[in-house]
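**Student:**
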Amino acid sequence: MHYEVEDNGAFIERLLELGVLPREDVVEFHARLAFRDLVAVRHPDDPYDKDSGTGLGRRVLFQRVPEAKSVKNRLHLDLHAAAGERESEVQRLRGLGASVLRHVKEPGGEWAVMADPEGNEFCVQ
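If you read the sequence shown in this note's numbering, its first letter stands for residue 36, the second for the next number, and so on.
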């Protein structure tokens, strides 16, 4: 796919300085700080947030979870709505049959956790 690994180093430094990210959740990877349990890749032609290194277009996030695998492999999608459009995108998806499971607000950002009609979870950021 020729995607690039996101560089979240500056963002991680800020979170560590603010005390909202424990040092044990961070590793050094290729001479830069990285999250221990997640990494994302993004398409090199798409925009990204220069402050956090997070892709704002085509992006795939790989995240370790504590639960053991118990059924078929699943894919979790994070959808990025245009700036200021998250709530209208959530409403559009609800109209298509998705349901809102919860809203999340953390120091690293805000998003809605949703489920498609078959129960597969995804997030809208």
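No residue lacks a Cβ here, since even glycine has one placed at the ideal position from N, Cα and C.
Just so we're clear, the structure is a prediction, and the values are computed from it rather than from any experiment.
Pick helix, strand or coil for residue 66, following the three-state DSSP scheme.
**Tutor:** Position 31 of the sequence shown holds residue 66. In the structure shown, residue 66 sits in coil (DSSP, three-state: anything other than H, G, I, E or B).
**Student:** If you draw a straight line from the C-alpha of residue 79 to the C-alpha of residue 113, how long is it?
**Tutor:** Counted from its first residue, the sequence shown places residue 79 at position 44. Counted from its first residue, the sequence shown places residue 113 at position 78. Each residue's Cα considered, the two are about 18 Å apart.
**Student:** Leaving out five residues before and five after residue 74 in sequence, what residues of the same chain have Cβ atoms less than 6 Å from its Cβ?
**Tutor:** Taking the first residue of the sequence shown as 1, we reach residue 74 at position 39. Result list for residue 74: 97, in chain order.
**Student:** Applying the criterion that 16 or more other CB atoms from any shown protein chain within 10 Å of the CB defines a buried residue, is residue 55 buried or exposed?
**Tutor:** The residue given as residue 55 occupies position 20 in the sequence shown. Burial call: exposed.
**Student:** Within the continuous beta strand (DSSP E) that includes residue 134, where are the two ends?
**Tutor:** Within the sequence shown, the letter at position 99 stands for residue 134. First-last of the beta strand (DSSP E) with residue 134: 134–141.
**Student:** Do you know offhand how far residue 111's Cα is from residue 48's?
**Tutor:** Within the sequence shown, numbered from 1, the residue matching residue 111 stands at position 76. Within the sequence shown, numbered from 1, the residue matching residue 48 stands at position 13. Roughly 27 Å separates the two Cα atoms.
**Student:** Please name the residue, chosen from 93, 51, 57, 102, that lies closest to residue 41 on a Cα-to-Cα basis.
**Tutor:** Here residue 41 refers to the residue found at position 6 when the sequence shown is read from its first residue. Checking every option, the nearest Cα to that of residue 41 belongs to 93.
**Student:** Cβ atoms of residue 45 and residue 72: under 8 Å apart, would you say?
**Tutor:** If you number the sequence shown from 1, residue 72 lands on position 37. If you number the sequence shown from 1, residue 45 lands on position 10. No, Cβ-Cβ distance for residue 72 and residue 45 is not below 8 Å.
**Student:** My assumption, with CB atoms under 8 Å, is that residue 156 sits in contact with residue 136. Please give the rounded CB distance.
**Tutor:** The residue given as residue 156 occupies position 121 in the sequence shown. The residue given as residue 136 occupies position 101 in the sequence shown. Indeed they touch by this definition, with Cβ atoms about 7 Å apart.
**Student:** Would residue 95 pass as a contact of residue 39 if the rule is Cβ separation under 8 Å?
**Tutor:** Position 60 of the sequence shown holds residue 95. Position 4 of the sequence shown holds residue 39. Contact flag unset, no.
**Student:** Considering just the uninterrupted stretch of the alpha helix (DSSP H) at residue 51, what are its terminal residues?
**Tutor:** Counted from its first residue, the sequence shown places residue 51 at position 16. Residues 44–53.
**Student:** Can residue 159 and residue 128 be called in contact, C-beta distance under 8 Å?
**Tutor:** Residue numbering aside, residue 159 sits at position 124 when the sequence shown is read from its first letter. Residue numbering aside, residue 128 sits at position 93 when the sequence shown is read from its first letter. Their beta carbons are under 8 Å apart, which means residue 159 touches residue 128 by this criterion.
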